[in-house]
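Below: the structure, in structure tokens.
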Ligand SMILES: *[C@@H]1O[C@H](CO)[C@@H](O)[C@H](O)[C@H]1NC(C)=O
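Residue numbers (the numbering used here): 22 to 343.
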């Protein structure tokens, strides 16, 4: 009898132990599931833009406000001590735009990163003095002037090509080529960095492909037929790794030269050639129109922020020819 009681006690002990373990396991898995759910719901409310597309068909990110976590991104790029080369072309009367674009860049563009501005101009004496933050510098490059703005636009590719080969390829990790007749209005940071970066043109965002102002004459190297094309990219922003941007500007420059020899000028000059290039060499990151808006355009609801915008200007007054 005593033997039986002993065994019963042992069994009760074992059964309670196992039951306890099971209860603890059930509780633990419940708790961790709950933690994970909390994490997921936090992530999805924080990083979601159901109103716009945040990836291309080739799975490149399209950068929109509220669709990225800047803390995570800065934690990736800050320790790399990167330098971002940035070019502006300020020929003739366009020098008047330098002050605003540089001052606003100091407030909003790649703040906390090393930035090297390269200003191309035929009027170096008229480049304004702008106070630059720590780790930021400016180099003025004297260029010859031109009587036609189309010519200036055509030669930009060639000048960027030379700058990258001579200097940027060894000195910078990324490059942005930006239009000078513009201004920064809000944060533009490391979320914009990528191997090859293009921007969606404000005026063509959401319009059908047939309305894109691609070059439609087959005689031009920039020709894109009506049933092709992904987006209409703005020529005012080109970015990426220096070697990738070098390949882009070299290809566009060569195609511009072929067109010139054939006495044809693409409808939007270098922008037409850029669109052709991006059709066959897809950008690895696409910036939303937040990164290239137009001061003349109203702000639809999907535009939560305007970061960079082309300023209103009187073309007749600033261009050497209409
Ligand atoms: C960051 O890079 C610059 C130039 O590229 C260099 O002069 C500087 O020493 C670097 N800083 C650190 C902390 O590595």
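Virtual Cβ for every residue (Gly too), placed ideally from N, Cα, C.
Since the structure is predicted, the reported quantities are computational estimates derived from the model, not experimental observations.
- According to the DSSP assignment, residue 271 belongs to no beta strand (DSSP E) but to the alpha helix (DSSP H) extending over 263-282.
- Counting only runs of at least 3 residues, the segment 194-225 fully encloses the following beta strand (DSSP E) elements, listed from N- to C-terminal order: 195-199, 203-205 and 217-220.
- DSSP places residue 143 outside both helix and strand once states are collapsed to three, so it counts as coil.
- Three or more pairs of CB atoms, one per stretch, sit closer than 8 Å, so the segment 281-301 contacts the segment 248-264.
- Bounds of the beta strand (DSSP E) holding residue 162 are 157-163.
- Residue 325 has its alpha-carbon roughly 8 Å from the corresponding atom of residue 311.
- Contact between residue 81 and residue 304 is confirmed by a C-beta separation of about 6 Å, below the 8 Å threshold.
- Taking 8 Å as the cut-off, the beta carbon of residue 157 is found no closer than this to the beta carbon of residue 189.
- CA-to-CA, the gap between residue 154 and residue 109 works out to about 18 Å.
- By the rule of a C-beta closer than 6 Å to any heavy atom of ligand 1, the residues picked out are 102 and 104.
- Between the segment 218-230 and the segment 159-170 there are fewer than three inter-stretch CB-CB distances shorter than 8 Å, so the stretches are not counted as touching.
- DSSP places residue 307 inside the beta strand (DSSP E), whose first and last residues are 306-308.
- Going by C-alpha positions, residue 211 is about 27 Å away from residue 116.
- Judged by DSSP in its simplified three-state form, residue 82 adopts strand.
- Closest by C-alpha distance to residue 68, out of 32, 318, 85 and 327, is 85.
- The Cβ neighbour count for residue 239, taken over all protein chains shown within 10 Å, is under 16; the residue is labelled exposed.
- Pairing residue 121 with residue 265, the inter-Cα distance amounts to about 29 Å.
- Counting only runs of at least 4 residues, the segment 66-125 fully encloses the following alpha helix (DSSP H) elements, listed from N- to C-terminal order: 91-98.
- The beta-carbon distance between residue 206 and residue 261, rounded to whole angstroms, is 23 Å. This is too long to meet the 8 Å contact definition.
- Residue 327 is a Cβ neighbour of residue 314, given a cutoff of 8 Å.
- DSSP lists 105 and 157 as the beta-bridge partner residues of residue 136.
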